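For reference, the structure is listed below as structure tokens.
As structure tokens, this is what we get:
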């Protein structure tokens, strides 16, 4: 979450790699504060992937086009489901059922601070 322009809940610094539209990704760029569903490797009791809502934050650029990569901050709506995610983890980023990219976690900021 954001308060006074600062992330105040646990978050994950990552590098987001968006798929091209030819690879099944978006046709248009995503912008700062975009929402997505992420598969972080957490599974439900029936062995189905458990997808989690995240806000995608980035300082520069203010948008990421299909096929591009950029440093981002993933801010999960329910951080308690992200306890097992650490540096080096790969997170699948989706819109609805469509995979639009992957993010490699670089650092975990559990208290929302630096």
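Residue numbers (my numbering): 7 to 120.
The beta-carbon is built from N, C-alpha and C at its ideal position, and this holds for glycine as well.
Since the model is a prediction, treat every value here as computed from it, not as a measurement.
Nearest candidate by alpha-carbon position, reference residue i, set the options
i, options, result
"residue 116", "84, 33, 103 and 99", "84"
"residue 26", "104, 91, 113 and 114", "104"
"residue 16", "39, 71 and 80", "80"
"residue 43", "86, 108 and 64", "108"
"residue 82", "75, 102 and 59", "59"
"residue 65", "56, 40 and 47", "40"
"residue 92", "47, 36, 28 and 29", "47"
Residue burial classification, residue i (beta-carbon count within 10 angstroms, cutoff 16)
i, result
"residue 61", "buried"
"residue 18", "buried"
"residue 34", "exposed"
"residue 31", "buried"
"residue 11", "In this prediction, residue 11 scores a pLDDT of 48, lower than 50, which makes its location untrustworthy; no coordinate-derived value is stated."
"residue 7", "Residue placement at residue 7 cannot be trusted, given a pLDDT of 39 that sits under 50; what the coordinates show is reported in the next sentence. Exposed."
"residue 113", "exposed"
Inter-residue CB distance, residue i and residue j (contact presumed, cutoff 8 Å)
i, j, result
"residue 78", "residue 22", "5 Å"
"residue 63", "residue 45", "Contact doesn't hold; Cβ gap of about 19 Å is too wide."
"residue 106", "residue 24", "6 Å"
(request) Could you pull out every unbroken alpha helix (DSSP H) segment of at least 4 residues lying fully inside the stretch 20 to 105, listed in chain order? (result) The alpha helix (DSSP H) runs lying completely inside the stretch 20 to 105 and spanning 4 residues or more number zero.
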